[in-house]
Amino acid sequence: MNMRIKRKRSDNTILWLISTMLVLFVLAGGMYYINSKINPSANADDQMTISKEVEVRTGPDDSYPVLKKVPAGDVIEVLSKTDSWYEIETSDNYIGWVPGWSILGSGQKNPEDQNKEKLSSYAVVLNPVMKQNETPDYKGVYPKTYNLRIAKELKQKLEADGIKVFLTRDNDENIPSQDSIKKIVADNKAEMLVDLDVVNTDTKGTFGAKVYYSTTESAIIAKSIEKHLSNNYISKVSASEKQGNFSQLSDKLPQVRVVSGNIHDKVDVDILNDSVAQKQYISALKEGIEGYLYYQINIDNYNAKRKEQLLNLPQKGLTIPMYYMKQDAYKNISYGTDGKKTIEENGDAIVSLAMISNYLGLEGASVEDIASWAGSKYYIKNQGTQPTIVSAFAKKYNVKADEIDTDNTVQNIEKALKENKPVLIRLKSGLFGDKVTYKVIRGYEDEKFYINDPNDDDVKLTSYNGFTENDVKNNIAQAWAISK
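Take a look at the structure:
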């Protein structure tokens, strides 16, 4: 009898296993999808949370148009990053850019905090006024005592925000001289000087606080202090006023005189001795002073941004190198008979010729070489380098210096530039400076002239801005096309 062994069929088992795995895979995928919708930040490293309501823009800068606002707490997906801006996709599928400080965990500070940190780079001098033969108020308190108390309290408030503050006196014994105040200002590179004073007069209607100023820049400080006093101080606050007999320490130093009150007036005296009112007063003074410093910070921020944009542009015109009178390599080289008698103050012509020399490939024609060769032969005190240096330079270095006809100055300059000849120009005082000066025209594009300015700085950026034909024509005294 033949026995047949029956083998179990495994086809159904395999099929069952495959089906089960497929079902589990689909379920896992579905759960992942649902979870990603419910909690999108749980599964993606590129998903982050908005920390503060922010505008989504079409590009990585405040100048781009706004697409929409995203509220704090929204989860967004980060697509890319450039500098301090993030390209994101919002939960409702908008794609745009937001600043990094608006995203939790970015490590970036918002503009307000960044600006506040910059306050530490500024110094303020407070001058609690003290006079001879002062008369006290009805409480027996002298003006000098009020002024010093206010100065010390204001100093403490400003220093809490990182500002460097210096007092012209710290006691009621000695009156600081003008020279000692100037030294404090100079030694500490102060941004402003604030005189703190009270008056003692029986003139009718004289009471409350008032700010005086003398210069246009000082008016900005005065208006800032006036605004914060008006909004936050219980006493009367008069409109700030330009004072004809203002004791200005220096025309270049912003300075204001803040009158805290009239100690001949009983109400003013009571306010000056009220602790709550004085907290208001000190806080308002602090905010007013900081308001001016923030104004300066915003100007610096704008200039830095503008500088970055200009520096990133390709140089227009001939590839003439840029040298500056203030460069460490050149500034202390002896030249001229004015001021420090150095390139830093007198070297515009020398530096201009050195730039041209480099472009032409002349040997032995560095800033130091040309300054040494020129000596004092072509320099007149209070007038600067004379134009006779140009022909002498051409002879010394065996180059051509063709003076350009002033009847068709602009057209002839354009012609020289087209022939790859740099143009040395001598400019009158005016648009390009407060004295006669030399510069190099390197190009003409987009109906503008481009200039290498040896006296340029981070604010003017003359070397990166274009100038119109009228700018050049109305300020030029002489011009030479220099070539081999």
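Per the working numbering, residue 16 is the first one in the sequence shown, and the count goes up by one each step. C-beta atoms are modelled at their ideal positions from N, C-alpha and C, and glycine is treated no differently.
In this structure, K131 is the residue among L442, S253, K131 and I385 with its C-alpha nearest to the C-alpha of G177. Distance from the CA of V284 to the CA of G276, rounded to the nearest whole angstrom, comes to 8 angstroms.
Considering only V213, K133 and S195, the residue with the shortest C-alpha distance to E174 is K133. Restricting attention to alpha helix (DSSP H) runs no shorter than 4 residues, the stretch 392-461 encloses them at 403-412 and 424-433, ordered along the chain. In this structure the stretch 390-399 does not touch the stretch 477-484; the number of beta carbon pairs closer than 8 angstroms is below three.
The way I'd put it, the stretch 295-315 doesn't touch the stretch 440-450; fewer than three beta-carbon pairs between them come closer than 8 angstroms. DSSP, reduced to helix, strand and coil, places T477 within a helical segment of the structure shown. Rounded to whole angstroms, the Cβ separation of A369 and Y338 is 6 angstroms, and the two are in contact under 8 angstroms. Only buried fits P469, as 16 or more other CB atoms lie within 10 angstroms of its CB. In the displayed model, Y345 falls within coil according to three-state DSSP, outside both helix and strand. Excluding five sequence positions before and after L333, the CB atoms of its chain that fall closer than 8 angstroms to its own CB belong to Y374, L432, N435, P437, R457 and G458, given in chain order. Taking every protein chain shown into account, the CB of Y465 has 16 or more other CB atoms within 10 angstroms, so this residue is buried. Judged by DSSP in its simplified three-state form, S121 adopts coil rather than helix or strand.
Pairing V273 with I236, the inter-Cα distance amounts to about 11 angstroms.
Taking a cut-off of 8 angstroms for Cβ pairs, the stretch 175-195 and the stretch 218-226 do not touch, as fewer than three such pairs fall below it. One Cα belongs to D343, the other to I404, and the distance between them is close to 25 angstroms.
In this structure, K341 is the residue among S372, I371 and K341 with its C-alpha nearest to the C-alpha of G362. Our two residues, G74 and W112, have alpha carbons roughly 6 angstroms apart in a direct line. Assigned with DSSP and collapsed to three states, T357 falls in strand.
Between K267 and S233, the alpha-carbon positions lie close to 10 angstroms from each other. By DSSP's assignment, N277 forms a beta bridge with V214. Runs of the beta strand (DSSP E) lying entirely within the stretch 59-88 and spanning at least 3 residues, in chain order: 62-64, 69-72 and 81-85. Q426 counts as exposed, since fewer than 16 other beta carbons sit within 10 angstroms of its beta carbon. Nearest to V139 by C-alpha distance, out of S95, D76 and N203, is N203.
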